Structures are given as C-alpha cells and as structure tokens.
Amino acid sequence: MTQLVDSKVMRKGVTKSADQFAEVTAEVEVMAFTLQGLVPWETGVQIRFAVPSKGGGNSEMIVDVGVADYEALARAMLLNNAPAALRAFAKAGLDHFDDVS
C-alpha cells in the first residue's frame, strides 16, 4: 500500500452548514489489485480510508477504481494541472520499469 500525501477525505453532514465540508481524515492509501492479490480476477486500484462513525469508532471505506475509469481520472488530473500530471505519469512509468527490470 502507498500512503497518499496530498489527499484528504471530507464529509458534509446535517450538523454542518449546507455549504461547508469538514476534513475527516488525511490518511488515504492506494494499492493495485494485482500487486496485493486482493481480487486476483480483477484489475484496477483501491483507495482506502476510514471515517469516524456516528456511534463511535471508524467506518472503513474502499473505492474500487476499475481500468475503464483510468482515462477519466487521467483527464481530470490533466485538466487540473497538466504539467504536474505529466511529470507524475512519467515518474511512475520510470519507477515501474526500474522495479520490473
């Protein structure tokens, strides 16, 4: 698993004003299905985090991102900050090739 360092989970509830989100955690992890063997018949990535529960404790959350959604994510990253996204894609590609060589 890889800890995301510039991501956070925010939530808006009935006790907050209608237009205000509150950060509930900055501990967000991402992992590839195939690398961790989570779902061997699937490919994609998982984003995992926990949020405080109303009754106490935490609720674990998982967002499964399938390969059919990679283009949409890449497009959103490029629209937001193309130079940073392209640098990240290039670095990830180089690091990946170093790992498998």
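Mapping the sequence shown onto numbering that gives the first Met the number 0, position 26 (from 1) lands on 25, and the numbers just tick up by one.
Heads up, the beta-carbon is just placed ideally off N, CA and C, and yes, glycines get one too.
Fair warning: this is a prediction, and the values are worked out from it, not measured in the lab.
*My understanding is that V29 touches V44, with C-beta atoms under 8 Å, so please give their C-beta distance in whole angstroms.*
Yes, V29 and V44 are in contact; Cβ-Cβ is about 6 Å, under 8 Å.
query: Which partner residues does P51 have in the DSSP bridge list?
result: Under DSSP, P51 shares a beta bridge with N57.
Which residues in the same chain have their Cβ closer than 7 Å to the Cβ of V66, if we skip the five residues on either side of it in sequence?
Same-chain partners within the cutoff: T42, G43.
- Under 8 Å between C-beta atoms, does E59 make it to chain C? The question asks about chain C, but that chain is absent: this structure has only one protein chain.
From the DSSP output, read off the bridge partner residues of E28.
-> E28 has Q2, R47 as its beta-bridge partners, per DSSP.
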